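Heads up, the thing below is written out as structure tokens.
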Amino acid sequence: MNNFGLPEELGWRFDSLYQWLSRKYPMTVEHIEIGGHTFQINKITDPTAALEEAVAANSMDSFATPYWAELWPSAIALSEFVAENAIPNHSTVLELGCGMGLVGIVAGHFGASVVLNDREDDALRLAELNYLINLSVVPEVLQFDWIAPVQRQFSLILAADVVYELAIYQPLLHTFRTMLAPRGEIWLAEPNRPIAKDFFKVLSDNDFVWEMIPKKVTRNGRETRISVYIIRRK
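Per our numbering: the sequence shown = residues 4 to 237.
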């Protein structure tokens, strides 16, 4: 396995992660341009097959569905938003439900101190792999379920396409309330699902306010309208 000229210790870590993942999933690479820089994203070749396999194995657990295996338009939109909007100096940044880690990688590229979160082992392995190859740094990762968030606070939480079913609303709200620093912000990208409207009512009822910035992402010939929300406590 080519470790792409990484320092020896990082090269060994990259190779270990890649070998682990490639034994389980066929892998491919996509190059994505964000903010004038090209990022190399390793990903699963057939995320649909991984999704179907996981659904069959965990039919009663919606949280176990491997949405992390897909590079969603919301992640691209949020990455572009991060590149376009300077993250304040000395910010501590959490990418929540990081999947492949693109948003956190872009934030790290532009100077943020980033921590990656997901509940799935393989998602964190893939995000670490991608962070390593793009930034030549081993990222800090936090593995936790939103039902039981870590008692740690961040000045900026990044979240792409996390509002996709009702069962997630209360755990996600709990995570925001627990992990957002008192004057912090949440930057959340969402593809205008009708079901998400209820989540923003939940936020409003729990003393959060927001502003929305519309974005468009064209991917594989298809345009998707994404809303990026800047969310704060009242």
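Note that beta-carbon positions come from the ideal geometry of N, C-alpha and C, so glycine has one too.
A quick note: this is a predicted structure, and the numbers were derived from the prediction, not measured.
Point to revise | Close beta carbons around residue 32, own chain, < 8 Å, minus the five adjacent residues each side | key: 43, 44, 45 and 46
Review point. With C-beta atoms as the reference, is residue 229 less than 8 Å away from residue 80?
Key: yes
Check your understanding: Counting pairs of beta carbons, one from the region 149–164 and one from the region 19–34, are three or more of them closer than 8 Å?
Key -> no
Point to revise | Element boundaries [beta strand (DSSP E), containing residue 98] | key: 95–99
Point to revise | Anticipated Cβ contact below 8 Å, residue 111 with residue 138, distance rounded | key: 5 Å
Check your understanding: On the three-state DSSP scale, how would you describe residue 167?
Key -> coil
Practice item. For residue 121, name the three-state secondary structure that DSSP assigns. Key: strand
Review point. If you scan the region 128–196 from start to end, which runs of the alpha helix (DSSP H) of 4 or more residues do you find wholly inside it?
Key: 172–182
Review point. What is the C-beta distance between residue 226 and residue 219, in whole angstroms, given that I count them as a contact (C-beta under 8 Å)?
Key: 6 Å
Practice item. With residue 15 as the anchor, note down where its alpha helix (DSSP H) starts and where it stops. Key: 11–27
Exercise for review: Consult DSSP for residue 47 and reduce its assignment to one of helix, strand or coil.
Suggested key: strand
Review point. For residue 180, which residues from the same chain have a beta carbon less than 8 Å from its beta carbon, with the 5 sequence-adjacent residues on both sides left out?
Key: 209
Exercise for review: Would you tell me roughly how many angstroms separate the C-alpha atoms of residue 11 and residue 135, rounded to the nearest one?
Suggested key: 12 Å
Point to revise | Cβ neighbour criterion (16 or more within 10 Å) applied to residue 48 | key: Exposed is the call here.
Point to revise | Extent of the continuous alpha helix (DSSP H) to which residue 200 belongs | key: 199–208
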